[in-house]
Ligand code: 3H9
């Protein structure tokens, strides 16, 4: 064995050279890996005893892409054209042997090889679009030549990996080899290449699939239609379309140049910087300063869910999907039946869309035990309370759970605002209590706030985080405070939105600004969707807010066909002249002198207090790091990923600007805008919020 460099070595098996890359954790194409790949291939090619070369990776995966952490830094090491010359231009056949995930630049390197083999569990993909980029190593030029333009566009724009079986079917790989025996399989394939004198197959020379798409602009029109909505606000996808178009229109080398330039142009954009930041942020959330990775976790074999309402049902589905049995508890049989019916219907709908088989649905439903008696959760390892949001009701449930739950069971509350420590205080085991705050719809939304109480034990925290991962959520550890991280910040925006419509804006003005900023909907459309009557009661309503007035008029949101907006039968929203009048009358009654409010003010009034609240949360230690706050807002509230989350966004526009604006607002509108001392410090020290 010869070491090519610190991460690559070369061995020989008879007349076949094996170039192995070993750069944990994911063999990303760092400068060292690029150098090793390049010189290793050159050395093997120069060896007269070698007739074919296998490129393979050690560890858990084939090259999983470029090293994202290197982007934006001065270029070092072998360039892509050099790698291309060393692989595709090699005078001897090169075979890529793939296991794990061949993604991005890793997949592109495999496409530079003459042949590809993979184990059945391998996956392939071009996820660059998720980083605000396009493939920059020839993916947009080579893939369409293999799969055809339509399939390639789908792979590039969705960024979703595909299986080795699909790769074989679409002509992306040449053979599947036995699982666990990649090296032997690849060597066997190489032998065949040598013995049958198979040619040096270069994808760049293939033309048939491109020919089939030439003169068919409707392919691109359809993709624009299909992806237009998904990519609202995103920039990179247009470059991806142009690059694939170039594969059709330009000679290969010119297409490569166009792709490369577009890739390089995207690297420094705010969108790509934000998306790369989010990539790392979503991986940092799992790291908890004082709960090391080796903290023991408690086995969770069975889960109890108290409450079969919308939240309880959605929460249960997460565990059923992961194969964990659930006992779901309601006090009344009809409520229980309704809850179970909703779960069944949700699954049936998914099956109708082809995303589950009926057998899958049945298997999940078999794991669900509907029960009336709370005693039934006494054998559960985790019990999640999802009852009415009221401290007394919750305390009552926890008193019962304390009596009947087994030793060491984790007792979790799904509260969205209430004090976990107070809830824990009614039990004799506060160390086993924590919050698991799911977001509605709980079976769909990716975010889970794991709320750590003052006494929550470390293994309990570690278990909740591990479970989050197991059920496909992104778990973010937060501390006890009103509304935790997400809703506490949301409150700032909601308050300003309400003030703005009194001062001069209309709900649809505020919503338009927030929507155009990139969120899925504005605060008023969101209220209409959720129902204006959450927490409202007719008995105590005194027409003291616009919301109360609307509820009193039975304008309670989409479900009643009217709220801040009027809705038609298809639930399309229209600005309501009646609501406009209600707002004007209400403002007049309050003696408010309405004024024109600019879109800029709407945005700053809604967003800057959120940023300020984020820094307060950090000051108080209720979130571990600024990027966790961003992960919460991206995954729980639809903050556009291309703006990186509120804290990252503050850095983009400048913390000094945020501070100055808050000070100006404070001077005219009061203490709600008073800047957090931490924000002042960041500005004074010229540091970044995202690094907190
Ligand atoms: C690209 O290739 C551009 C080209 O077209 C043009 C130029 C050639 N770079 O996710 P995990 C780290 S763009 C640097 O927890 P899993 C990650 O931060 C790139 N670091 O594991 C984490 O570090 P830590 C296209 C990376 O098993 C550790 O590895 N490729 C990279 O759940 C483990 O990661 C992609 O976008 C990277 N490329 O999933 C693929 N990838 O331990 C991105 C991972 O310190 N990667 N790390 O927290 C993934 O999708 C997943 O990481 C993967 C493994 C599926 C590979």
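In my numbering, the protein residues as written are 4 to 695.
Glycine residues also receive a C-beta, built at the ideal position from the N, C-alpha and C atoms.
No experiment lies behind these values; they were computed from the predicted model shown.
Boundaries of the beta strand (DSSP E) in which residue i is found, first to last residue
i	result
residue 8	5-8
residue 429	Segment: none, residue 429 is in no beta strand (DSSP E) and carries neither H nor E.
residue 569	568-570
residue 50	Unbroken run through residue 50: none, as it is neither H nor E.
residue 126	126-128
residue 388	385-388
residue 190	Premise fails: residue 190 lies in the alpha helix (DSSP H), 185-198, not in any beta strand (DSSP E).
residue 346	Looking at the DSSP string, residue 346 is not in any beta strand (DSSP E); the run it does join, the alpha helix (DSSP H), is 336-355.
residue 373	371-374
Closest by C-alpha distance to residue i, when choosing among the options
i	options	result
residue 198	62, 96 and 576	96
residue 439	149, 524 and 321	321
residue 598	509, 664, 101 and 411	509
residue 305	255, 492 and 379	379
residue 507	571, 594, 426 and 446	594
residue 38	90, 19, 336 and 339	90
residue 585	648, 504, 518 and 564	504
residue 370	325, 398, 179 and 337	325
residue 186	157, 540, 101 and 557	101
residue 558	664, 622, 527 and 573	527
residue 533	682, 118, 327 and 565	565
residue 453	92, 418 and 344	418
residue 401	153, 84, 308 and 589	308
residue 403	608, 392, 421 and 432	432
residue 480	358, 421, 289 and 264	289
residue 108	82, 407, 118 and 93	82
residue 425	457, 161 and 514	457
residue 176	153, 115 and 160	115
residue 26	10, 41 and 655	10
Span of the alpha helix (DSSP H), counted from its first residue to its last, around residue i
i	result
residue 171	167-172
residue 587	580-592
residue 284	273-287
residue 137	No alpha helix (DSSP H) contains residue 137, which DSSP labels as neither H nor E.
residue 394	394-407
residue 635	629-640
residue 265	255-269
residue 161	152-161
residue 680	680-687
residue 552	549-555
residue 602	602-622
residue 595	It is not in any alpha helix (DSSP H) - residue 595 carries neither H nor E in the DSSP assignment.
residue 243	239-252
residue 693	Careful: residue 693 lies outside any alpha helix (DSSP H) and carries neither H nor E.
Counterpart residues of residue i in DSSP-defined beta bridges
i	result
residue 482	455
residue 119	99
residue 666	Bridge partners of residue 666: none, in fact.
residue 441	451
residue 12	6 and 23
residue 560	565
residue 414	386 and 436
residue 104	126
residue 60	24
residue 330	307 and 372
residue 69	32
residue 76	DSSP, once it has assigned bridges, lists no residue as partnering residue 76.
residue 294	291
residue 653	Beta-bridge pairing links residue 653 to no other residue.
residue 179	121
*asked:* I'd like the ranges of any alpha helix (DSSP H) spanning at least 4 consecutive residues and lying wholly in the stretch 452-540.
replied: 461-473, 489-506, 510-520 and 526-533
*Any chance the stretch 141-160 sits against the stretch 201-214, with 3 or more Cβ pairs inside 8 angstroms?*
Contact between the stretch 141-160 and the stretch 201-214 is present: three or more C-beta pairs spanning the two stretches fall below 8 angstroms.
*Say whether the stretch 364-379 touches the stretch 336-354, bearing in mind that this needs 3 or more beta-carbon pairs closer than 8 angstroms, one atom from each stretch.*
yes
*Residue ranges of each beta strand (DSSP E) within the stretch 203-227, 3 or longer*: none
*Is it true that the stretch 479-498 meets the stretch 600-617, where meeting means three or more beta-carbon pairs spaced less than 8 angstroms apart?*
yes
_Taking contact to mean 3 or more Cβ pairs, one atom from each stretch, closer than 8 angstroms, check whether the stretch 213-227 and the stretch 240-253 are in contact._
yes
*Tell me, please, whether the stretch 161-181 touches the stretch 117-127 by the rule of three or more beta-carbon pairs shorter than 8 angstroms.*
Three or more beta-carbon pairs drawn from the stretch 161-181 and the stretch 117-127 are found closer than 8 angstroms, and the two stretches are therefore classed as touching.
*Three or more C-beta pairs closer than 8 angstroms, one from the stretch 667-681 and one from the stretch 310-330: is that the case here?*
As far as the Cβ criterion goes, the stretch 667-681 does not touch the stretch 310-330, which means the pair count is below three.
*Any chance you could list the beta strand (DSSP E) runs of at least 3 consecutive residues sitting entirely within the stretch 296-322, in chain order?*
As far as the stretch 296-322 is concerned, its whole beta strand (DSSP E) runs of at least 3 residues are 306-309.
_Three or more C-beta pairs under 8 angstroms: does that hold for the stretch 265-278 against the stretch 125-140?_
The stretch 265-278, when compared against the stretch 125-140, does touch it at the 8 angstroms Cβ threshold.
*Looking at C-beta atoms only, is the number of pairs between the stretch 436-452 and the stretch 258-265 that lie closer than 8 angstroms three or more?*
Segments in contact, no.
*asked:* For the pair the stretch 458-477 and the stretch 328-344, tell me if three or more CB-CB distances fall below 8 angstroms.
replied: no
*asked:* Pairs of beta-carbons, one from the stretch 544-557 and one from the stretch 518-525, closer than 8 angstroms: are there three or more?
replied: no
_Does the contact criterion of 3 or more C-beta pairs under 8 angstroms hold for the stretch 226-233 versus the stretch 630-647?_
Taking 8 angstroms as the limit for Cβ pairs, the verdict is that the stretch 630-647 does not touch the stretch 226-233.
*Counting pairs of Cβ atoms below 8 angstroms between the stretch 17-37 and the stretch 53-72, do you hit three or more?*
Yes, since at least three Cβ pairs between the stretch 17-37 and the stretch 53-72 fall closer than 8 angstroms, the two stretches touch.
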